[in-house]
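Those sequence lines, one after another, are chains W and S.
Just so you know, the first sequence maps onto residues 0 to 284 in numbering that gives the first Met the number 0.
Just so you know, the second sequence maps onto residues 0 to 357 in numbering that gives the first Met the number 0.
From the three backbone atoms N, C-alpha and C, an ideal C-beta is built for every residue, glycine too.
Just so we're clear, the structure is a prediction, and the values are computed from it rather than from any experiment.
So the structure is just underneath, and the comments pick up after that.
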Amino acid sequence: MRSTGKLSLWLLLTPFALWIVLLVLLPHVQMLRVSFQVRESWDTLAFGVEQYRNFFTESYYWRTFLRTGVMSLFTTLITLLIAFPVAWYIARLARGRAKGWLFLACLVPFWASELVRTYGWMILLRESGLFSAALQGLGWVDGPVEMLYNDVAVIVGLVYNGLLFMVVPLVTTLEGMDDNLVEAGYDLGGGHVTVMREIVVPWAMPGIVSGCIVVFMLTLGSYLTPILMGGKDSAWFTGQIFTQFITRFNWEQGAALGVLLLVLSSLIVWLGLKLTGQSLRKVMG
Amino acid sequence: MIRMRTTTLTAVAMASTLGLSAGAASAEELRIITWGGYAPDEVVAAFEEQTGIDVQITLSNNEDMISKLRATGGAGFDLAQPSQDRIVGVQRQFNVYKPVDYSRLETANMQASMVEATQQATELDGNYYGVPAVWGTSGLIVHDSVKDIVTDYTDLCSEEVAGQVSYRLKRPTLMGFAFSMGLDPFAAYHDQDAYADILSQVEEKLIDCKANVKTYWTGGDQLLSLLRTGEVKAAMAWDAGGWKLNAEDPEINFVAPESGALGWIDTFAIPRRSENEDAAYQWINFVMQPEIAAKITNASGNFTVSKGADEFVDADLRDAYRASFDDGAIDNIRWYPPVPPGLETVEGQVLDRVQAAK
């Protein structure tokens, strides 16, 4: 009896294990190996840390990384600020059908791919686009306005892409909160701000942190939105990795940058968890 | 053996799926990796009818082609179409092609001067690795309203067109700007220091010029839409794109820059682990027939190496071509010599610095 139970457990785990080992672990090990490889020709092979040295000596690599990191953090913060009231409304105020519809409204944009959503924003923001035409129609501006190809446009696109992944965990945690807690807070003489700070936020903290981690990682790893909407100033770290692999067939440098992205982003998430006093187990569990 | 060990896991996975799909199809198959427009449906259908071979087309570009072939060590495709300057260096570094057997080709159908040029450019250890196929140039696509201002690559940086120009961040841009600044990068190909010096001057120029650029274009369709909407008035681009726009809007056309258009020849090359070499040679001979070659020109906008194909080409396209190139401009074309290994790493760093500059 026990042995069949064990067997079925293993059978159930097999697809997952195969997936993890073949598609996640092995490629990463391979990438780690390639990143230490210095190649001059196809039939010679040497190992070294040249690629990693490049990252620190060529200022544009680490500057781009820094820029990507800071902009991702900023995007995460804005996403949180926008998503919180939305999640609050869906979880606490909406009733019955309205709740389902609102949730669906958050989900619908994700039926289209990131590429389509990005092109949607480009049609709205470009010089010959809808917003520019509307502003001119209203007589607020004299000529066409270019709203695309800058950092603000990139952040708008990224926030839009991250919104759903922030709303879902927030709704889940906020739904579990007892109304009595909030009422008790007011009864004890707390104002809006105090209740928010002392009761709601601590309660929602696991949701906030897990939402932030997901949005941050998604943003840091996104490729299409920053490249297409940022235009000439769209230095984004994933873009550099893509360029190394595909445009320059410099897999060695690309692999080194990829490993650095993985390590540095994990470090940032770890720091975030430490600073907010959360543990990964609590947040994800 | 070393080669085997360096192939990535994905490559193995890819190769095995390709192997499976090849096994499933019983008919003979020819897998071509090429550029958009180089294998139009019409031509593919005619070839399939004549030979009974099933043709599979994968659209690509130079870098992507090299990356894909590098990943599999030259497997997965039976025929590729890289540019001739990107063959020898790549072959020496990654060993992804096999030599071309010219005796199996009907070279009588091809322009002899181009065959000779390509043989020279793709020679390695006494073997030729490429057959010329399609040629074209990159230069400027300019709207009539700015055609007196923008006559050379560096004019894209003039104040009158600020915010209305676009170019790619790729090696042709580096070469074009260098020539336009009176430098000769091709002559410095084999002198690393001189080449680095030229590139650093170009880098400075491109960083200064950055404020002028609306956006660096990354795909043909993106560029065409920028020009079509009038958001961009002048851009560095391929001739065929300019002629396509010219057909829609006569005010836009391709212009050969004063310092010379940059000429490229795309070739046929046979991947090292091609599974159907016979079909590959059949395809090359098939598309080099004048009537068939003209269909490729009509589809892609670029002219082929096939002799006598001109008379079958659309009249509009021929006119647009003549408007862009007088005899002087043709003589002035600068053909890309083969890129020695190592140069592209240096160029890559320059392009990255321009991209990251504020």
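- One finds ARG247, ASN249 in chain W with Cβ atoms closer than 7 Å to the Cβ of S:GLY347, taken in chain order.
- By the rule that beta-carbons nearer than 7 Å mark a contact, S:ILE65 touches chain W.
- Using a Cβ-Cβ cut-off of 7 Å, W:TYR222 does not count as an interface residue toward chain S, since no Cβ of chain S sits closer than that to its own.
- At a Cβ-Cβ threshold of 7 Å, S:ALA38 and S:ILE52 do not count as neighbours.
- About 6 Å separates the beta carbon of W:ILE245 from that of S:GLU62, a gap short enough to meet the 8 Å contact definition.
- In the structure shown, W:TYR60 falls within a helical segment according to DSSP collapsed to helix, strand and coil.
- Residue burial annotation: S:HIS142 is buried, with at least 16 other C-beta atoms found within 10 angstroms of its C-beta.
- DSSP lists S:GLY135 as the beta-bridge partner residues of S:TRP263.
- Residue pairing from DSSP places W:GLN36 in a beta bridge opposite W:PHE46.
- Secondary structure at W:TYR118: helix, using DSSP grouped into helix, strand and coil.
- Contact residues of the stretch 221–250 of chain S toward chain W are THR228, GLY229, GLU230 (C-beta to C-beta distance below 8 Å).
- Collapsing the DSSP output to three states places S:LYS97 in a strand.
- In this structure, the alpha-carbon of S:PRO337 lies about 10 Å from that of S:THR117.
- At a cut-off of 7 Å between C-beta atoms, W:THR63 counts as an interface residue with respect to chain S.
- For S:ILE329, the number of other beta carbons within 10 angstroms of its own is below 16, and it is reported as exposed.
- Counting C-beta pairs closer than 8 Å gives three or more between the stretch 165–183 of chain W and the stretch 74–91 of chain W, which meets the contact rule.
- For S:ARG333, the pairing in a beta bridge is given by DSSP as S:LEU261.
- By the neighbour-count definition (other C-beta atoms within 10 Å, threshold 16), S:PRO171 is a buried residue.
- Proximity of W:GLU182 to chain S, defined by a Cβ-Cβ separation below 7 Å, is not satisfied.
- Rounded to whole angstroms, W:LEU103 and S:ASN252 show a C-alpha spacing of 48 Å.
- For S:ASP207, no CB of chain W lies under 7 Å from its own CB, so it is not counted at the interface with that chain.
- Residues of the stretch 103–135 of chain W whose Cβ lies closer than 8 Å to any Cβ of chain S, in chain order: ARG125, GLU126, SER127.
- With a threshold of 16 other beta carbon atoms within 10 Å, S:GLU105 falls short and is exposed.
- Between the stretch 198–212 of chain S and the stretch 109–127 of chain W, the count of C-beta pairs closer than 8 Å stays below three; the two stretches do not touch.
- Within the stretch 224–238 of chain W, contact with chain S at the beta-carbon level (separation under 9 Å) is assigned to ILE226, LEU227, GLY229, GLY230, LYS231, ASP232, SER233, ALA234, GLY238.
- In the three-state reduction of the DSSP assignment, S:GLN110 falls in the coil class.
- DSSP, read as helix, strand or coil, puts W:ARG247 in coil.
- For the stretch 144–163 of chain W, the beta-carbon criterion of a distance under 9 Å to any beta-carbon of chain S is satisfied by GLU145, LEU147, TYR148.
- The C-beta of W:ALA132 has fewer than 16 other C-beta atoms within 10 Å across all chains shown, which makes the residue exposed.
- Between the alpha carbons of S:TYR215 and S:TRP237 lies a distance of about 15 Å.
- For S:ASP53, DSSP records a beta bridge to S:GLU28.
- The criterion of a C-beta distance shorter than 7 Å is not satisfied by S:LEU225 and S:GLN354.
- For the 7 Å CB-CB criterion, S:ALA210 and S:VAL149 do not form a contact.
- Residue pairing of W:ILE154 in beta bridges, as defined by DSSP: absent, with no partner found.
- Note that the C-beta distance between S:PRO81 and S:MET109 is not below 7 Å.
- Listed along the chain, the chain S residues whose CB falls inside 9 Å of the CB of W:PHE244 are SER66.
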